[in-house]
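A.B. asks: Pasting a structure below so you can have a look.
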Amino acid sequence: MKGILLALGEITDKAEGELDSALAVPVSKALADYMPDVYQILSPGSIDYVRAGAGSAPPWRDDDGIHMSLARVTLLHVMRHPADRPATYAQLRDAASQHAAGSFAAVPRDAEEWSFESPTRETAYVLGAMDAGAEDVQKDLGEDGWKDWSTDVFSRLTRTSSTPPSYQDAPARQQPQRLPRRPHQRLRFRRALWVALEGPMTPRPLVPLPPGYARARHYYYRVRNRIHRNQYVRRY
Numbered sequence: 142m143k144g145i146l147l148a149l150g151e152i153t154d155k156a157e158g159e160l161d162s163a164l165a166v167p168v169s170k171a172l173a174d175y176m177p178d179v180y181q182i183l184s185p186g187s188i189d190y191v192r193a194g195a196g197s198a199p200p201w202r203d204d205d206g207i208h209m210s211l212a213r214v215t216l217l218h219v220m221r222h223p224a225d226r227p228a229t230y231a232q233l234r235d236a237a238s239q240h241a242a243g244s245f246a247a248v249p250r251d252a253e254e255w256s257f258e259s260p261t262r263e264t265a266y267v268l269g270a271m272d273a274g275a276e277d278v279q280k281d282l283g284e285d286g287w288k289d290w291s292t293d294v295f296s297r298l299t300r301t302s303s304t305p306p307s308y309q310d311a312p313a314r315q316q317p318q319r320l321p322r323r324p325h326q327r328l329r330f331r332r333a334l335w336v337a338l339e340g341p342m343t344p345r346p347l348v349p350l351p352p353g354y355a356r357a358r359h360y361y362y363r364v365r366n367r368i369h370r371n372q373y374v375r376r377y
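This note's numbering numbers the first residue of the sequence shown as 142 and each following residue consecutively.
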């Protein structure tokens, strides 16, 4: 898998590099299958993935299975290719959202606020990178083409999404600046963050958001804007 991604990365690194449109589906499926690795590559902090990111570094095995890593810029260029098609972008986006949901659900109910730091940061980096690719598609398609593209993506993402959990019992207030300590309030926090990140194409949040969501938005906008500023995602 790593060898394939490196080969695709070499093509996109060229000034006029463009991948064949027939590769969009297999690339999207492959990246979706390796979503845990995608999360670790795109979000900073994993020493193992940084060390294994060199082209000559082989995959490795641990208690969680087999993993592979490559340069972050290379992965961003390869991920940009499936974004041209609504179907493949939605497939990759759905895989990213499902992984995020699992990460949030794995946080123990009685966990303190710092326990959300890692899944929040990782999710924001990945979804921020994917939205940067979507905005690059918008530049290529123009207003009319972008409207059709975004409508198609939204339809595909919501077609298979689960019903958002109820959040009307006691919406989070805006005064507290830390995660509520009572278990049922922490559970509502996770649900709110989960739903907000799982609805990437919606114009506004589906539920009232607790203060902790500001951290996710901070990471999200930081990585998305940085990708655009440094032109990590390039138009073909």
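Note that beta-carbon positions come from the ideal geometry of N, C-alpha and C, so glycine has one too.
Using a Cβ-Cβ cut-off of 6 angstroms (strictly less than) and excluding sequence neighbours within five positions of residue 260, which residues of its own chain qualify?
C.D. replies: Closer than 6 angstroms at Cβ, skipping near neighbours: 244, 245.
A.B. asks: Are residue 228 and residue 297 touching if we call contact CB-CB under 9 angstroms?
C.D. replies: In this structure, residue 297 lies closer than 9 angstroms to residue 228 by Cβ.
A.B. asks: With distances taken between CB atoms, is the gap from residue 249 to residue 165 smaller than 9 angstroms?
C.D. replies: Cβ atoms of residue 249 and residue 165: not closer than 9 angstroms.
A.B. asks: What number of angstroms, rounded off, separates the C-alpha of residue 95 from the C-alpha of residue 232?
C.D. replies: Lying outside 142 to 377, the shown extent of the chain, residue 95 is not represented and no answer is given.
A.B. asks: Would you tell me roughly how many angstroms separate the C-alpha atoms of residue 294 and residue 258, rounded to the nearest one?
C.D. replies: So the two alpha carbons sit approximately 29 angstroms from each other.
A.B. asks: Start and end of the beta strand (DSSP E) containing residue 274?
C.D. replies: Run containing residue 274: none in the beta strand (DSSP E); it sits in the alpha helix (DSSP H), 258-300.
A.B. asks: Are the CB atoms of residue 181 and residue 263 nearer to each other than 9 angstroms?
C.D. replies: Result yes, Cβ atoms of residue 181 and residue 263 sit closer than 9 angstroms.
A.B. asks: How would you write the range of the beta strand (DSSP E) that residue 243 sits in, first residue to last?
C.D. replies: Looking at the DSSP string, residue 243 is not in any beta strand (DSSP E); the run it does join, the alpha helix (DSSP H), is 227-246.
A.B. asks: Sort 284, 143, 208, 279 by Cα distance to residue 197 and report the nearest one.
C.D. replies: When only C-alpha atoms are compared, the closest one is 143.
A.B. asks: Under 9 angstroms between the Cβ atoms of residue 230 and residue 169?
C.D. replies: For residue 230 and residue 169, yes; Cβs fall inside 9 angstroms.
A.B. asks: Look at the Cβ atom of residue 220, then the Cβ atom of residue 274, and state whether they are nearer than 9 angstroms.
C.D. replies: Contact flag set, yes.
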